[in-house]
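Since the structure comes first, as structure tokens, the remarks are kept for the end.
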Amino acid sequence: MLNIGTRFSWNEEEKCLTALKDVFDDWVRSYPTAAGLRNKSFPFFDDLIQIFGKERATGAAAETTVDAMENLAAEDNTFLDSLNAKDEEVKDSK
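Sequential numbering from 9 applies to the sequence shown in the working numbering.
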């Protein structure tokens, strides 16, 4: 499941990545953004696997999570703008 070598393991009960401190520290030198992951619990890991699994969109219309959030925010803004415009129309008609 986790392809980072045999010196690491997954604690199914705690839902966390485990490794000896020196092993983990060596790995973090190559992947500094992973520094806080040792023994960090991921309680929703199984749910996320069910949702995402190994499926990844790669085509021209593929959307990253950041893209999706930006698009949702833009849609929300458009919707709110239309509500405000309708509210202004109602006020103007009175």
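We put the CB at the ideal spot given by N, CA and C, even for glycine. Every value quoted in this text rests on a predicted model; they were computed, and no experiment measured them.
- Here residue 88 carries a helix assignment [DSSP, helix/strand/coil].
- The Cβ atoms of residue 23 and residue 50 sit closer than 8 Å to each other.
- Looking only at 48, 43, 35, the smallest Cα-Cα distance to residue 19 is reached by 48.
- Assigned with DSSP and collapsed to three states, residue 69 falls in coil, not helix or strand.
- Here residue 27 is buried. Its C-beta has 16 or more other C-beta atoms within 10 Å.
- In terms of Cβ geometry, residue 45 and residue 25 form a close pair [threshold 8 Å].
- Separation of residue 31 and residue 42 (C-alpha to C-alpha, rounded to the nearest whole angstrom) is 13 Å.
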